[in-house]
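First up is the structure itself, then whatever we jot down about it.
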Amino acid sequence: MSRKEPLEKYLKIIMEKLDSQEKIIRNLEKRISQIESLSPKAGEPTPIQPSLLRVLRGLADVEKPLGTEEVAKKLNLSRNLTSNYLKRLSELGYVVKEPNLEGYGPRYLFKANLEAIPDNLKKMVLKKE
Numbered sequence: 000m001s002r003k004e005p006l007e008k009y010l011k012i013i014m015e016k017l018d019s020q021e022k023i024i025r026n027l028e029k030r031i032s033q034i035e036s037l038s039p040k041a042g043e044p045t046p047i048q049p050s051l052l053r054v055l056r057g058l059a060d061v062e063k064p065l066g067t068e069e070v071a072k073k074l075n076l077s078r079n080l081t082s083n084y085l086k087r088l089s090e091l092g093y094v095v096k097e098p099n100l101e102g103y104g105p106r107y108l109f110k111a112n113l114e115a116i117p118d119n120l121k122k123m124v125l126k127k128e
């Protein structure tokens, strides 16, 4: 066996691996394109769960910040569920979570952060049913 034969053999293996990697990359690019095509475009409604929208609406129509229990009573939801929704809305930046400095009552107070809500979503939040 000459020196050239093993080199050709390895070159063939490398080329096959390269083809395989290119196929994988093409598939990934195709999947990324599909995901990007599903993401909201400018002017389209920003996707938000109806339950989060309900809590956001409840906070948007009050002047003062509310505690979790007050929001739960207002929306007729459990305190636990309301707490989870408020946490998620706070993470999105749509709700401001601030400590209660009065020394009694709830530990945290929440209020809608209307400036942070995208315009297309703000229309849904401020719409009266």
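Letter 13 of the sequence shown, counting from 1, is numbered 12 in numbering that gives the first Met the number 0, and no numbers are missing. Just so it is clear, CB atoms sit at the ideal spot from N, CA and C, and this is done for glycine as well.
Best match in the options for proximity to residue i [C-alpha to C-alpha]
i      : options                         : result
Leu191 : Tyr103, Asp118 and Gln48        : Since the first residue of the chain shown is 0 and the last is 128, residue 191 is not available in this structure.
Lys110 : Leu125, Met123, Asp60 and Glu21 : Asp60
Asn119 : Pro46, Tyr103 and Lys63         : Pro46
Val95  : Leu80, Ala71, Thr67 and Ile23   : Thr67
Gly104 : Ser32, Leu65 and Leu91          : Leu65
Arg53  : Gly92, Glu4 and Tyr84           : Tyr84
Under the three-state DSSP convention, the category residue i falls into
i      : result
Pro49  : helix
Pro5   : helix
Lys63  : coil
Lys96  : strand
Tyr103 : coil
Leu91  : helix
Leu113 : helix
Leu76  : coil
Buried versus exposed call for residue i [16 or more other C-beta atoms within 10 Å across all chains shown]
i      : result
Pro98  : exposed
Leu10  : exposed
Glu153 : Because residue 153 is not part of the residues shown, which for the chain are 0 to 128, the question remains open.
Glu69  : buried
Leu58  : buried
Touching by the beta-carbon criterion (3+ pairs, under 8 Å), the region 112-128 and the region 66-75: no
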